[in-house]
Amino acid sequence: MSPFYLARGASKLVRRINSEVSVELKILSEKWRLLLAGLVFQYIHGLAARGVHYLHQPGPTLQDLGFMILPELGKERGYISETLFTFIFLSFVLWTFHPFILHTKRFYTVLIWRRVLAFLCASQFLRIITFYSTQLPGPNYHCREGSPLSRLPPPHNAAEVLLINFPKGVIYGCGDLIFSSHMIFTLVFVITYQKYGSIRFVKMLAWCVAIAQSLLIISSRKHYSVDVVVAWYTVNLVVFFVDKKLTELPDRSVGSTSILPMSAKDKDIKLKEENTRLLNGNSTDSADRRPRTQMNGKHSENESHVDNESVKT
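The structure is reproduced here in structure tokens:
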């Protein structure tokens, strides 16, 4: 391919990205509050997981059906589960930003992340309540009896708790078991792509990867089987009910722009148009075009409309 066509393609890509950034920033200026709250809650969730580690009491590993069926990966191969989770996380993040580059734009990135964070926060809130209600002895190698990481010494100051020792404090945490945080993220991402993604094969593959992630979490002994099982039905129920409360995302493929916030100039123009319609005797509701008759100086609905309304009631 000649340098001319490469430069032309790069120029189109830059213009597309700039246009998309401009649109997303307009939406972000109006919708930033829930996004910020969701990000803050991620820290609160990490702080809660750090706190329960101080309460963790190591003990014998509980009897678990998954442990009987699936062989333990061990310390040397425990990275396999984290590697797959990292792949799931990064793949989903890149997909949510694909409207900045590709022509197929079915959603706004800001809006879909507001939705994802709402699902995550609701699930994580239930998770915090659950693992603080009952602390189970951690099945992972660093949480077992005899491990120096199984218990945390009392903190010397508040900063030691508030900093949560990221990322080591997250990777080597104990006590935050029911239910699995990895499965919360995995299932929220898969369910979101199932609804807003467009490639059927990727949807089927995503569910297979979620199942594989479940098995690897148990094999690596990061969680008991109950932690994974509870996550499967809890997250799906949370997404179902929270999704009912949220406004549906506009479909960009049909050219919907009603979600975009109006500038002050656009608002002034719209207000002037409404005032003009009022002065001309027209209703501000352009959809209301029912014929009306004048009786005794008052406007009323025509008889046929009254009859139709009476039939409905």
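With my numbering applied, the sequence shown covers 789 to 1101. Ideal Cβ placement from N, Cα and C applies to all residues, glycine included.
- In this structure the stretch 1005-1019 lies against the stretch 849-856, because at least three pairs of beta carbons, one per stretch, are closer than 8 Å.
- Remark: C-beta atoms of Lys983 and Val898 do not approach each other more closely than 8 Å.
- Just so you know, the alpha carbons of Asp964 and His944 end up roughly 22 Å apart.
- For a cut-off of 8 Å, the C-beta gap from Leu1025 to Ala998 is around 16 Å, too long to register as a contact.
- Burial state of Ser911 is buried, judged by a 10 Å Cβ sphere holding 16 or more other Cβ atoms.
- With fewer than three CB-CB distances shorter than 8 Å, the stretch 928-937 does not count as touching the stretch 833-840.
- Exclusion of the five residues before and after Ile952 leaves Gly834, Leu835 and Arg838 as the residues of its chain whose Cβ lies within less than 7 Å of its Cβ.
- A direct Cα-Cα distance of roughly 26 Å separates Lys1032 from His886.
- With a cutoff of 8 Å on beta-carbon distance, Leu908 and Ile972 are scored as near each other.
- Counting along the chain, no alpha helix (DSSP H) covers Lys893, and no H or E run does either.
- Taking 8 Å as the cut-off, the Cβ atoms of Phe880 and Glu808 do not count as close.
- With contacts defined by Cβ atoms closer than 8 Å, Ser1008 and Ser869 form a contacting pair.
- Nearest Cα to Val811 within the set Phe895, Tyr960 and Ala947: Phe895.
- Look at Gly963 here: in three-state DSSP terms it is coil, with no helix or strand label.
- In this structure, Tyr1012 sits away from Leu861, with a CB-CB distance that is not shorter than 8 Å.
- Between Val1023 and Trp995, the CB-CB gap reaches or exceeds 8 Å.
- Annotated as proximal: Leu1034 and Ala906, with beta-carbon spacing under 8 Å.
- Shown here, Arg803 sits in a helix according to DSSP, grouped into three states.
- In the structure shown, the three-state DSSP call for His844 is coil.
- When Gly847, Ser986 and Val840 are compared, the shortest CA-CA separation from Tyr920 is found for Val840.
- 8 Å or more divides the Cβ of Thr874 from the Cβ of Trp901.
- Contact check for Thr892 and Ile966: beta-carbon distance about 39 Å, past the 8 Å limit, so the pair fails to qualify.
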